[in-house]
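Residue numbering for the sequence shown follows full-length UniProt numbering, starting at 1 and increasing by one per position. For glycine and all other residues, C-beta sits at the position ideal for the given N, C-alpha and C. Written below as structure tokens is the structure these notes are about.
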Amino acid sequence: MTSYDVTLERTDGPTQTIAVDERETILEAARQAGVRLPSDCRKGTCTTCVGRVLAVDGEPEAESEVEVETEAEPELETPSGDRSDHQPDAATAVDYRRPPRALEERERTDGYALLCIALPRADCRIEVGPRVRAEVGDSPWK
Numbered sequence: 001m002t003s004y005d006v007t008l009e010r011t012d013g014p015t016q017t018i019a020v021d022e023r024e025t026i027l028e029a030a031r032q033a034g035v036r037l038p039s040d041c042r043k044g045t046c047t048t049c050v051g052r053v054l055a056v057d058g059e060p061e062a063e064s065e066v067e068v069e070t071e072a073e074p075e076l077e078t079p080s081g082d083r084s085d086h087q088p089d090a091a092t093a094v095d096y097r098r099p100p101r102a103l104e105e106r107e108r109t110d111g112y113a114l115l116c117i118a119l120p121r122a123d124c125r126i127e128v129g130p131r132v133r134a135e136v137g138d139s140p141w142k
């Protein structure tokens, strides 16, 4: 069985790396490892457990996180208004047990993932916590 290292980063707390089996959700693995993450529905219909993929093993990191000595190029503005040179593809980091109804396509494209139904597909770093939850807002399905 394949296992992936998922690093959970909190803006206001510790960073923890957990091993997640390819058949278990990130939320299930976190709970088994004693890592507390917020959750509610556990079906992908609310946004309580939302996280944001920051990096995927094998993909280049955002320019702001990696020092690069090249001529400065203009930053690209994403549809959500974020300014970034590169946004990791959440689809390469996670797959789902069922469609994530609480996330809009734009939010998935911006790297958000519902950890209650997210199955890992690569080693990755995911930001978790109230700030990420506030960025997404409430689910229309709740």
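Residue i beta carbon near the ligand SAH (any heavy atom closer than 6 Å)
i	result
Leu8	With respect to the ligand SAH, the structure shown offers nothing to examine, as it has no ligands at all.
C-alpha distance - residue i paired with residue j, whole-angstrom precision
i	j	result
Glu22	Asp57	15 Å
Thr17	Val6	5 Å
Val35	Ala113	18 Å
Asp123	Pro100	21 Å
Thr2	Arg125	18 Å
For residue i, the nearest candidate out of the options (CA to CA)
i	options	result
Val20	Val136, Glu135, Cys116	Cys116
Arg121	Glu127, Ala90, Pro130	Ala90
Val53	Glu104, Asp12, Gly34, Thr92	Thr92
Ala30	Arg42, Cys46, Thr47, Leu8	Leu8
Pro14	Tyr4, Leu37, Gly137, Arg42	Leu37
Gly44	Val132, Arg97, Glu127	Arg97
Val136	Ala118, Glu127, Val50, Asp95	Val50
Residue i in three-state terms, based on DSSP
i	result
Val35	coil
Ile117	coil
Ala122	coil
Leu54	strand
Identified DSSP bridge partners for residue i
i	result
Leu8	Gln16, Ile126
Val94	Pro120
Asp21	Ser3
Any C-beta of chain C under 7 Å from that of residue i
i	result
Gly129	Although the question refers to chain C, the structure presented lacks it and comprises just one protein chain.
Three CB pairs or more closer than 8 Å across the segment 21–28 and the segment 101–110: No: the two stretches stay apart, fewer than three of their Cβ pairs being nearer than 8 Å.
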